[in-house]
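Notes follow the structure.
The structure is reproduced here in structure tokens:
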């Protein structure tokens, strides 16, 4: 261990005085420059901001990209006029996001989507990230609900269906004209007004009708698109089998060419109940000859307008019917119809149907031993399918008039049924 040399003061007085520390070096004029001071402060602040921005970016990226809390796909409705805070609350309540509402709002601003959020019903996928959730709402790809309008409904029946469906809003101001709506499957977002639905059905019908009319058989006795729709509506109500439509249409086209009455039972029903479409009971014999602008047993040619809204297939079949000379058809007991050119052939088919029906009735109903079968009361409603009455054959006694909804045929005992 080294020893310090002894301090030897110069004088006793100097020994009593403390040793003076040398003064600090002078700061340069450059260091005292205010611009340098400000620059240093700015640089320091920038460093702090960069560190903060980096941390914020990392946290924000993690927040936007991390899987969300949804355990399965879910449909959520964002109400109209909902603000960003309202949307955040809805998404949190439905379990789509699990971040603070202000984090959601900040993310919306960060993605520059503040003015692009759209109301509607959205489907969010399982574990959708916050970025995916915001993108879904910004894109406006709302859930589309498939709505099927069956063929053969009247306009009033279609409006009733729309009124009963809660995905639509508003009311229909006026029942559309019969035959102006195209039955088909459509897709609509929740909240679509019922008037908008009607407009879309009408636009689809106009487009399809124009296309089919351009491709029609020019030899047809139908002179306008309206007549095409009218006859197609009868064909639509006559059969639901795709393989029979063009042949049923041919029967009526052939009758129009020969100036025969169409004698279609659906026209009787429409004349009785109009747009309600359903009679709710069999047609009575007295109603077959009851005068009505739509009753084709009474009037000549086509009725004044459609009796339903036909689908595309019936329009196509009516515009281009099968090339046959059939004038009659009757149910064949298997869900289809037997078509014939002459009344004699038709009568044989009717007799065959009657025998089949009687056999079925005997097999399913065992009458009491002491009870005789009751005779049908005159004018009572009939229950078995028959068909429309043909013109009276030459030199042949005309059987009693009968009708069946959906056929052009005749029998000597004319049961009539509603389809």
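Numbering (full-length UniProt numbering), first residue to last: 1 to 419. Note that the Cβ used here is the ideal one computed from N, Cα and C, for glycine as well. From a predicted model like this one, the values you see are computed outputs, not experimental measurements.
Please classify residue i as buried or exposed, where buried requires at least 16 other C-beta atoms within 10 Å of its C-beta.
i           : result
residue 329 : buried
residue 259 : exposed
residue 164 : exposed
residue 43  : exposed
residue 277 : buried
residue 274 : exposed
residue 46  : exposed
residue 389 : Model confidence at residue 389 stands at a pLDDT of 40, short of 50, so the residue's coordinates are unreliable; what they give is reported in the following sentence. By the neighbour-count rule (16 or more Cβ atoms within 10 Å), residue 389 is buried.
residue 238 : buried
residue 314 : buried
residue 38  : exposed
residue 264 : buried
residue 207 : exposed
residue 287 : buried
residue 86  : exposed
residue 67  : exposed
residue 197 : buried
residue 40  : exposed
residue 188 : buried
residue 124 : buried
residue 115 : exposed
residue 349 : buried
residue 104 : buried
Have a look at residue i and residue j and give me their C-alpha separation to the nearest angstrom.
i           : j           : result
residue 229 : residue 204 : 14 Å
residue 302 : residue 224 : 12 Å
residue 320 : residue 240 : 17 Å
residue 89  : residue 308 : 48 Å
residue 295 : residue 270 : 8 Å
residue 272 : residue 73  : 50 Å
residue 317 : residue 255 : 16 Å
residue 379 : residue 290 : Bear in mind that a pLDDT of 32 at residue 379, under 50, signals an unreliable position, so the model cannot answer this.
residue 312 : residue 145 : 22 Å
residue 293 : residue 361 : 37 Å
residue 63  : residue 141 : 23 Å
residue 151 : residue 253 : 21 Å
residue 78  : residue 50  : 37 Å
residue 170 : residue 199 : 14 Å
residue 76  : residue 201 : 28 Å
residue 300 : residue 262 : 8 Å
residue 499 : residue 244 : For the chain, the structure presents residues 1 to 419; residue 499 sits outside this window and is missing.
residue 247 : residue 179 : 21 Å
residue 249 : residue 185 : 24 Å
residue 221 : residue 168 : 41 Å
residue 128 : residue 147 : 28 Å
residue 233 : residue 173 : 24 Å
From the DSSP secondary-structure annotation, give me the bridge partner or partners of residue i.
i           : result
residue 237 : For residue 237, which the question treats as bridged, DSSP gives no partner whatsoever.
residue 77  : 121
residue 330 : 338
residue 188 : 145
residue 193 : 169
So, with DSSP's three-state summary, where would you put residue i?
i           : result
residue 466 : Because the chain in this structure spans residues 1 to 419, residue 466 falls outside the shown range and cannot be described.
residue 253 : helix
residue 94  : coil
residue 294 : coil
residue 352 : helix
residue 50  : helix
residue 133 : helix
residue 258 : coil
residue 246 : helix
residue 175 : coil
residue 207 : helix
residue 358 : helix
residue 323 : coil
residue 345 : helix
residue 87  : helix
residue 223 : coil
residue 34  : helix
residue 363 : helix
residue 39  : helix
residue 139 : helix
residue 212 : helix
residue 199 : helix
residue 62  : helix
Would you give the residue range spanned by the alpha helix (DSSP H) that residue i belongs to?
i           : result
residue 270 : 265-273
residue 163 : 155-164
residue 316 : 312-319
residue 107 : 101-110
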